[in-house]
Amino acid sequence: TGGLICPAQRLERLKHFVSRNAFDIEGLGARHMENFRRHGLISSPADIFRLEEKADEIKSLEGWGDKSAENLFKAIGARRTISLERFIYALGIRQVGQATARLLARRYGSPAKWLAAMAATAANKESAAYCELTSIDGIGPGVADDLAAFFAEPHNTDVVADLGELLTIEDFAAADIPDSPVVGKTVVFTGALDTMSRAEAKARAESLGVRVAGSVSKKTDYVVAGADPGSKAKKARKLGVAILSEEDWQRLAGG
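One point on numbering: in this note's numbering, the residue at position 98 of the sequence shown is 116, and numbering is uninterrupted.
Structure, rendered in structure tokens:
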């Protein structure tokens, strides 16, 4: 299912849900998560936001008391509002890392639009929603199929709906674009990059106001070439488009 249903995977999914780049709940690490699950206090992500209802049970556990429990509840409360991209990443959908989560949040803008698109995608891979999903640069059929599989599983959609009632999921907000020499430039990435995945490179570039294209044309300003760049580098040379190494690009873009 690539999601939240398999008992063997459920604990790992819960750990991912509270990890640093997801909900990042202070004081709720892997050890505590295992302990709470063993005592029947948590079985799904939504249960985390209901832990305060089980305060007496938590305080009775070894290593817990009034103060530590109070601190945990405050930390959980501070995470009841979360950005759309963090929420998407936190769900632990196969192939949906931070960069892909941001691409999805950027395209759909709001939780309601994203969830509606995912429901339509899961219902019919011939749908316009599925076609739109696969048209996002950086998201191919493999990622789209994993998203469809996740939302085709009723348990996963129940978990997402449950979380939606407990949380405030913020619409995507594009960061202020810094003053940079690459603002407004069109860039194509090709070949294997050393320091980041292609999706991460795209997300970082877009945060700087760069338009990332999938193919080389006369309108391309730079081609950033990693290992084994292939036909895109050849076309860039033919068209006279500047070819940069990954290091050159990072220097130009400011790191």
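Where a beta carbon is used, it is the ideal one built from N, C-alpha and C, also for glycine.
Leaving out five residues before and five after residue i in sequence, what residues of the same chain have Cβ atoms less than 8 Å from its Cβ?
i: arginine 216; result: Gly156 and Phe207
i: serine 78; result: none
i: alanine 135; result: Tyr126, Ala147, Glu150 and Leu151
i: threonine 238; result: Thr204, Val205, Val206, Ala231, Ala254, Leu257 and Val259
i: leucine 185; result: Phe67, Arg98, Thr99, Ile100 and Phe105
i: leucine 29; result: Met51, Glu52 and Arg55
When DSSP labels each residue in this structure, what does residue i get in the three-state scheme?
i: glutamate 171; result: coil
i: isoleucine 66; result: helix
i: glutamate 30; result: helix
i: glycine 182; result: helix
i: proline 247; result: coil
i: tryptophan 82; result: coil
i: glutamine 268; result: helix
i: glutamate 44; result: coil
i: alanine 254; result: helix
i: histidine 50; result: helix
i: serine 37; result: coil
i: arginine 112; result: coil
Compare the Cα-Cα distances from residue i to each of the options and report the closest residue.
i: arginine 68; options: Ile94, Lys85 and His50; result: Ile94
i: histidine 34; options: Gly115, Arg255, Arg222 and Ala170; result: Gly115
i: histidine 50; options: Ala40, Ile66 and Asn39; result: Ile66
i: glutamine 268; options: Met214, Phe41 and Arg255; result: Met214
i: asparagine 174; options: Leu133, Ser198 and Lys203; result: Leu133
i: alanine 87; options: Phe54, Ser62 and Pro63; result: Phe54
i: serine 233; options: Val161, Gly209 and Asn89; result: Gly209
Which residues does DSSP pair with residue i in a beta bridge?
i: glutamate 188; result: Ser101
i: valine 206; result: Ala231 and Val241
i: isoleucine 261; result: Val241
Do residue j and residue i count as a contact pair if the criterion is CB distance below 9 Å?
i: valine 36; j: leucine 109; result: no
i: alanine 223; j: valine 205; result: yes
i: valine 230; j: valine 201; result: no
i: aspartate 180; j: serine 62; result: yes
Can you list, in chain order, the residues of its chain with a C-beta nearer than 6 Å to that of residue i? Leave out the 5 residues immediately preceding and following it.
i: alanine 140; result: Ala166, Phe169 and Ala170
i: leucine 90; result: Gly45
Please decide whether residue i counts as near chain C, where near means a Cβ-Cβ distance under 9 Å.
i: alanine 141; result: The structure shown contains no chain C; it is built from a single protein chain.
Please go through the same chain and pick out, in chain order, the residues whose beta-carbon is closer than 7 Å to the beta-carbon of residue i, but skip the five residues on each side of it.
i: glycine 127; result: Asp189 and Phe190
i: alanine 40; result: His34, Arg104, Tyr107 and Ala108
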